[in-house]
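J.: In full-length UniProt numbering, the protein residues as written are 1 to 184.
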Amino acid sequence: MEEIDLIVESVQHDMEAAIKHLDHAFQRIRAGRASTAMVQDVMVEYYGALTPINQVANVSVPDAMTISIQPWDSKAINDIEKAIINSNLGFAPSNNGINIILNVPPLTEERRRELAKQAKGEAEDTKVVVRNARQNGLKELKKLDGVSEDIIKGVEADIQTLTDKYVKACDEHLKVKEAEIMKV
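1) With distances taken from CA atoms, which of GLN118, LEU115 and ALA76 is nearest ILE100?
2) May I have a chain-ordered list of the alpha helix (DSSP H) segments no shorter than 4 residues that lie completely inside the UniProt domain "Ribosome recycling factor" (23-182)?
3) Straight-line CA distance for GLU45 to SER74?
4) Give a yes or no on whether the C-beta atoms belonging to HIS173 and ALA123 are separated by under 8 Å.
5) Grouping DSSP H, G and I as helix and E and B as strand, with all else coil, what is MET1?
6) Is LEU144 closer than 8 Å to GLU3 when the C-beta atoms are compared?
7) Could you tell me whether the region 6-18 touches the region 134-152, using the rule of 3 or more Cβ pairs below 8 Å?
8) Express the C-alpha separation of MET43 and residue 250 in angstroms, rounding to a whole number.
9) Smallest Cα separation from ASN58: which of TRP72, THR66 and TYR47?
10) Using CA coordinates, which residue listed in MET38, ALA34 and GLU114 is at the minimum distance from HIS24?
11) Shortest alpha-carbon distance to SER68 belongs to which of PRO52, TYR47, ALA34 and GLU109?
12) Compare the beta carbon distance of LEU141 and ILE152 with 8 Å and say whether it is the shorter of the two.
13) CA-CA distance, GLU149 and ASP14?
14) Got a sec: is the Cβ-Cβ distance from VAL129 to anything in chain B below 8 Å?
15) Should ALA18 and THR126 be called a contact, given that it needs their Cβ atoms to be closer than 8 Å?
Here is the structure:
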């Protein structure tokens, strides 16, 4: 029975991790207003090592359409600017020698649709991960010896219930994100 509990816990852990990954992916998809999450994945070459932007500069959002990046080391400002340009975020950084300002343009209707489609793709990928976790759990169950078929059928039903719960969570997260993206 302990092995069965471990299998169910492992499946649930994998599904929770998939939902957390979906939330992280949704943070990177902008929804009309500026956010520090938009630049969190930018890596800056700082003294020969690729370093996350938030470890070389203070990233803030002074208003809904602006991201301000103030490097802790003024010598790194050009490297940060280059990293932003190379990251293909679609921003044109303006460097005033002290900090870098990113103006976030308002989204067009076409761009909103593209972002909603991207969010839907992330949600579908997450559902695939959830279903793969279910399949892996069922395979592990079949490998067990000396367990009655009734117990295995019951655990399979529990795993399916978990799967349904997490697929529904994906759909709910997507619904919220799409509403956020499409809101003008």
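Each residue gets a CB set at the ideal place from its N, CA and C atoms; glycine is no exception.
T.: Taking the structure as given:
1) The residue given as residue 100 occupies position 100 in the sequence shown. For the residues GLN118, LEU115 and ALA76, the minimum Cα distance to ILE100 belongs to ALA76.
2) 77-86, 109-143 and 149-182
3) In the sequence shown, residue 45 corresponds to position 45, counting from 1. In the sequence shown, residue 74 corresponds to position 74, counting from 1. For GLU45 and SER74, the distance between alpha carbons rounds to 14 Å.
4) Along the sequence shown, one-based indexing puts residue 173 at 173. Along the sequence shown, one-based indexing puts residue 123 at 123. Closer than 8 Å, so yes.
5) Here residue 1 refers to the residue found at position 1 when the sequence shown is read from its first residue. Here MET1 sits in coil by DSSP.
6) Stepping through the sequence shown from its first residue, residue 3 is reached at position 3. Stepping through the sequence shown from its first residue, residue 144 is reached at position 144. Cβ atoms of GLU3 and LEU144: closer than 8 Å.
7) yes
8) With the chain covering only 1 through 184, there is no way to say anything about residue 250.
9) The residue you call residue 58 lines up with position 58 of the sequence shown. Per the Cα distances, TRP72.
10) Position 24 of the sequence shown, counted from the first residue, corresponds to residue 24. Nearest C-alpha to HIS24: MET38.
11) Stepping through the sequence shown from its first residue, residue 68 is reached at position 68. Of PRO52, TYR47, ALA34 and GLU109, the residue nearest in Cα terms is ALA34.
12) Taking the first residue of the sequence shown as position 1, residue 141 is located at position 141. Taking the first residue of the sequence shown as position 1, residue 152 is located at position 152. For LEU141 and ILE152, yes; Cβs fall inside 8 Å.
13) Sequence index remark: in the sequence shown, residue 149 carries index 149 (1-based). Sequence index remark: in the sequence shown, residue 14 carries index 14 (1-based). Looking at the two C-alpha atoms, the distance is approximately 25 Å.
14) Structure shown: chain B not included; a single protein chain is present.
15) On the sequence shown, residue 18 is found 18 positions in, with the first residue counted as 1. On the sequence shown, residue 126 is found 126 positions in, with the first residue counted as 1. The answer is yes: Cβ separation under 8 Å.
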